[in-house]
Amino acid sequence: MKFLKVNLSNKTIGVEEVPQPYLGLGGRGLTSILINAEVPARCDPLGPENKLIFAPGLLSGTNLVNTSRISVGAKSPLTGTIKESNAGGTIAAALGRLGITAIIVEGQAKEGEWFVLRIDEKGEASLLPAQEYRGMRTYALTEKLLQTYGDKTSVMCIGPAGENRLKAASIQTSDIDGRPCRAAGRGGLGAVMGSKGLKALVVDQRGNSPDAVADPETFKESAKAFAKAVKDHPFSGQLLPNLGTAGLVAPVNAMGAFPSYNATKGVMDGWEKISGETMAQLINERRGNPSHMGCAQCIVHCSNVYNDKDGRYLTSSLEYETIWAMGGMTGIDDLDTIARLDFLCDDFGLDTMSTGVAMAVAMDAGYKSFGDGSAALQMMEEIAQGTALGMILGNGPEAVGHHFNHSRVPVVKGQSIAAYDPRAMQGNAVTYATSPMGADHSAGNVIGEYMAQKLDPLKAEGQVEASRNTQIAMAAVDCTGLCLLASFALTTPEGGMAFLQAMNAKFGTQLGPEAIPQLGIRVLRAEREFNHKAGFTNKDDRLPEFFYKEPLPPHNTVVIISDQEMDSTFNF
Amino acid sequence: MKVRVKTYGTVTPGPAAARAGQEIEMEIPEGANVGDLLAHLGISPSRGGTVVMNGRILSKEGDLVDGALVQIFQVMHGG
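Chains A and B supply the protein sequences, listed in that same order.
Counting from 1, one number per residue, gives the positions in the first sequence under our numbering.
Counting from 1001, one number per residue, gives the positions in the second sequence under our numbering.
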């Protein structure tokens, strides 16, 4: 249990025991509570006062399945709010095996100075000059770093977008195969990493100094039971290994909630061409891998390797939200083009969602036509070249809206919505509006409630409660290192009990089921408090006007959750 | 009456129907509801719990409309 404190202003690295206020915290809980306590809320997100925190989950590095999620936290340059952006890959497990609770990056290197932070298998950290890597894209950079430090290395890095401090810049991290295709995409945290002068973080995966497990026997048994629950769950055990998250394209279109053509329609014409079913078939035909293991400890295998028509690697992993942003929102119904755009985003170090929606806003404003794949690739090239328009696109949809004087910009607190239109899924309207992160797909997505017929997506009744409960649950899950996609096993009695037992066995605690929502509430309170100090009020918990006024076909509904109801979301 | 049925994801109809993903037309008794259709197709609620017609999710008791397209999914979550 140690903090690694790295100061880029004076190039020092300090190691300290986790201070008392942060004991028992991991992942998002740690990043958010620490940022709320230590980062001046009104600071410049790209200045030296901001802190960039990398925190593996509480269970990362253990043998519990699907626990290799890392939380990256900072004040966001995109939203101005607190931000936690979450990624898979291998680095969370690697840090957990070294007993590192968090890496806290402070200060700021001089303009033009670049560093790599390396942590070896003994947990020794060093800051190494990285001038030679300046300007490198993430695939070439990761290949070079793996050559230098060996295959058993996890990489977390930025591309040119992060170096240029673009507000849609991601932090990319390496998967099992050493490809930098997993992303802490949201909130522009790549720009924060760039502002610090940190080009990459490399961590040896062979560490063997994890924090002790209090009751190893019980932990082993609970881990086995939890793995069974994940495998037995129809979503994580059947659908995801076959179609990945892209399996959502079909039902969300069927429900009329797939924001298409910059959220002017709820069903995309020809969506079958970009569905998960079509993608899986193409991947099989081209000898890719539709059931790829992307992350350490993963037994779900929702990842995929998507090849081009000649069987050559095009990208990994093509996900639902990317297919929507680069396909539905832009009207591009060609999976190969979408896959290419996905690869380019990963390679430049850009969030696929913010970038796709930025292009869609430009198209809606008349700059290019919907459905024009060449135009989308050309816009990516503008971003890569760093042209004036490219900088605007790379700063996300709001920047594009300002540039074109176009008001149909589907963002909340500056961050784009996700692949569920709030007019056809009213609970997600609540989550988009009220999440401390800005609009977000993993902060409290209630689609499962609709598909399980617990709630009518078009009616106001029950939506605030559903959003509240899901936001609390997700805030807690994000503390543990558990992958969201495996977390639905927690909703079964066997899975829920096994996971709680594993937590107690790991930490020597006697937590009951109520501890999970209590943790989520604590995290959300800290995040709300930070945002309040940063100047945000309830008036910021609103969707853009067009979602309240412009009916979405085919249901022709608008958002019907009142301001008063929105404001009751966090009445705990 | 007749309905058109299409299954998605890993929802696999029983021997009464064609393979998953292929649209099939089926003759069902007048007044048959969603639950009757799923039973006829041999799809258990845990495998195909979400039935959509005309953009709306139907309950097991939901009425089917002659000639309509019925889409069957398993319950999914956001990702």
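Heads up, the beta-carbon is just placed ideally off N, CA and C, and yes, glycines get one too.
- As computed with DSSP, Glu-1027 of chain B is found in a beta bridge with B:Lys-1002.
- For a Cβ distance threshold of 7 angstroms, nothing in chain A lies close to Ile-1024 of chain B: the least Cβ distance comes to about 16 angstroms.
- Burial check for Asp-44 of chain A: the Cβ neighbour count within 10 Å stays below 16, so the residue is exposed.
- If you draw a straight line from the Cα of Gly-1048 of chain B to the Cα of Met-1076 of chain B, it is about 10 angstroms long.
- Per DSSP, the unbroken alpha helix (DSSP H) holding Thr-480 of chain A starts and ends at 463 to 480.
- Legend: CB atoms of the region 443 to 457 of chain A lying less than 7 angstroms from CB atoms of chain B belong to residues Asn-445, Ile-447, Gly-448, Tyr-450, Met-451, Ala-452, Gln-453.
- Bounds of the alpha helix (DSSP H) holding Ser-374 of chain A are 373 to 385.
- Taking CB atoms only, Arg-1004 of chain B has no neighbour in chain A less than 8 angstroms away.
- Assignment of beta-bridge partners to Asp-364 of chain A by DSSP yields no partner.
- Nearest to Leu-314 of chain A by alpha-carbon distance, out of A:Thr-491, A:His-233, A:Ile-283, A:Thr-12, is A:Ile-283.
- For a Cβ distance threshold of 7 angstroms, residue set Gln-238, Leu-239, Asn-242 of chain A lies close to Thr-1010 of chain B, ordered along the chain.
- Going by DSSP, Lys-228 of chain A is part of the alpha helix (DSSP H) stretching over 216 to 232.
- Restricted to the region 510 to 561 of chain A, the alpha helix (DSSP H) segments that are unbroken, complete and at least 4 residues in length are 515 to 533, 545 to 549, listed in chain order.
- Around the beta carbon of Lys-539 of chain A, fewer than 16 other beta carbons sit within 10 angstroms, so the residue counts as exposed.
- Within the region 175 to 201 of chain A, the complete alpha helix (DSSP H) runs of at least 4 residues fall at 189 to 196.
- Of the residues A:Val-249, A:Tyr-139, A:Met-353, the one whose Cα lies closest to the Cα of Glu-277 of chain A is A:Val-249.
- Between the region 43 to 58 of chain A and the region 103 to 110 of chain A there are three or more C-beta pairs closer than 8 angstroms, enough to call the two in contact.
- Gln-453 of chain A is positioned such that its CB atom lies no closer than 8 angstroms to that of Ile-1043 of chain B.
- Taking a beta-carbon distance threshold of 8 angstroms, Pro-493 of chain A does not count as an interface residue toward chain B.
- Note that the C-beta distance between Ala-254 of chain A and Gln-1071 of chain B is below 8 angstroms.
- For Met-451 of chain A, the uninterrupted alpha helix (DSSP H) run begins and ends at 447 to 451, by DSSP.
- His-233 of chain A sits buried, since 16 or more C-beta atoms from the chains shown fall within 10 Å of its C-beta.
- Exclusion of the five residues before and after Glu-319 of chain A leaves Thr-245 as the residues of its chain whose Cβ lies within less than 6 angstroms of its Cβ.
- Taking a 10 Å sphere around the C-beta of Asn-262 of chain A, we find 16 or more other C-beta atoms and assign the residue as buried.
- Look at Val-1052 of chain B: its C-beta is under 8 angstroms from a C-beta on chain A.
- Chain-order list of chain A residues neighbouring Gly-1021 of chain B: Glu-277, by C-beta distance under 7 angstroms.
- Here Ala-74 of chain A is near Leu-189 of chain A, since their CB atoms are less than 8 angstroms apart.
- Within the same chain, and ignoring the five residues on either side of Met-193 of chain A in sequence, the residues whose Cβ sits closer than 7 angstroms to its Cβ are Leu-52, Ile-158, Gly-162, Ile-171.
- Contact between Ser-32 of chain A and Val-523 of chain A holds, with the beta-carbon distance rounding to 5 angstroms and staying under 8 angstroms.
- Of the residues assessed, Glu-527 of chain A falls on the buried side of the cut-off, its CB having 16 or more other CB atoms within 10 angstroms.
- When DSSP reads this structure, Lys-83 of chain A sits in a beta bridge with A:Ala-74.
- Residue-level contact check: His-292 of chain A does not touch chain B, since none of the beta carbons of chain B fall below 8 angstroms from its beta carbon.
- Going by beta carbons, Ala-223 of chain A and Ala-191 of chain A fall outside the 8 angstroms limit.
- When DSSP states are grouped into helix, strand and coil, Val-252 of chain A belongs to the helix group.
- Using a Cβ-Cβ cut-off of 8 angstroms, Met-326 of chain A does not count as an interface residue toward chain B, since no Cβ of chain B sits closer than that to its own.
- Annotation: Ser-467 of chain A to Asp-204 of chain A spans about 39 angstroms, alpha carbon to alpha carbon.
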